[in-house]
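Asker:
In the numbering used here, the protein residues as written are 6 to 214.
#1: When every heavy atom of the ligand SAH is checked, does at least one fall within less than 7 Å of the C-beta of residue 191?
#2: By alpha-carbon positions, which one of 92, 197, 60 ends up nearest to residue 126?
#3: Please list, in chain order, all residues of the same chain as residue 133 whose beta carbon is under 8 Å from its beta carbon, the five residues on each side excluded.
#4: Evaluate residue 207 with the Cβ neighbour count: other Cβ atoms within 10 Å of its Cβ, from every protein chain shown; 16 or more gives buried, anything less gives exposed.
#5: With burial defined as no fewer than 16 other Cβ atoms inside 10 Å of the residue's Cβ, what is the status of residue 117: buried or exposed?
#6: Along the chain, which unbroken stretches of the beta strand (DSSP E) at least 3 residues long are found entirely within the segment 28–112?
#7: Any idea which residues DSSP pairs residue 23 with across the strands?
#8: Sorted by chain position, which residues of the same chain lie with C-beta nearer than 7 Å to residue 167's C-beta, five sequence neighbours on each side aside?
#9: Please confirm whether residue 103 and residue 75 have their CB atoms less than 8 Å apart.
#10: Apart from the five residues on each side of it in sequence, which residues of its chain come closer than 7 Å, Cβ to Cβ, to residue 99?
#11: Looking at the structure shown, is residue 8 part of a helix, part of a strand, or coil, going by DSSP?
#12: Expressed to the nearest angstrom, what Euclidean distance is found between the alpha-carbon atoms of residue 114 and residue 120?
#13: Which stretch, first to last residue, makes up the alpha helix (DSSP H) that contains residue 211?
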């Protein structure tokens, strides 16, 4: 058991205080945690209480960092885990933080997937296969990916592929048909279109050749 002998504002962050126990620096804690725990000079405090104080401060700091990161765009649980890990937070603190964010609906991988597909599926340079891979890389489960991909409009997907195929057909105009088919097909594949869509698009664009 020790005694809090001083609480000083930190120079770099005025919302945090340095806590001294028995005349020696112990830890830095935010004003919110100090107020919640009613920490004051002269108070006796145990090692267990100090550890709890530091843990709560870490969780508060991680939550604030995550909220700031989320202001730029929605994030998945995997993205936030990597971000907080890179910032030096421990696994237990990260888990508590992400669970809290999910309860408050700041993080929702299923909703993220739906929004991602709605936005990406309108872009000509991104086919469904590429979008599916992006969702997997973001950390969505197989079920979440499948549910999100159900939102892809097959007619729009083919329309996009045809538009892109027409662009590449103009670039290789005058070449033998088999070469044009190969070039156009490879170009669409690189953009993440499925092969059945590619075949339909190429057949439509080269119908007269």
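We put the beta carbon where it would ideally sit given N, CA and C, even for glycine.
Answerer: Once the coordinates are examined:
#1: Absence of the ligand SAH from the depicted structure is noted, as is the absence of any ligand whatsoever, leaving it without description.
#2: Comparing Cα positions, the closest option is 197.
#3: The residues are 126, 154, 157, 162, 197, 198, 199, 202.
#4: Residue 207 counts as buried, since no fewer than 16 other beta carbons sit within 10 angstroms of its beta carbon.
#5: Counting of Cβ neighbours within 10 angstroms places residue 117 among the buried residues, the total reaching 16 or more.
#6: The qualifying runs are 29–35.
#7: Partner(s): 13, 33.
#8: Hits under 7 Å: 206, 209, 210.
#9: No. Outside cutoff.
#10: Taken in chain order, the residues that qualify are 67, 86, 89, 90.
#11: Three-state DSSP puts residue 8 in a strand.
#12: Going by the C-alpha atoms only, they are around 10 Å apart.
#13: In this chain, residue 211 is not harboured by any alpha helix (DSSP H), its DSSP state being neither H nor E.
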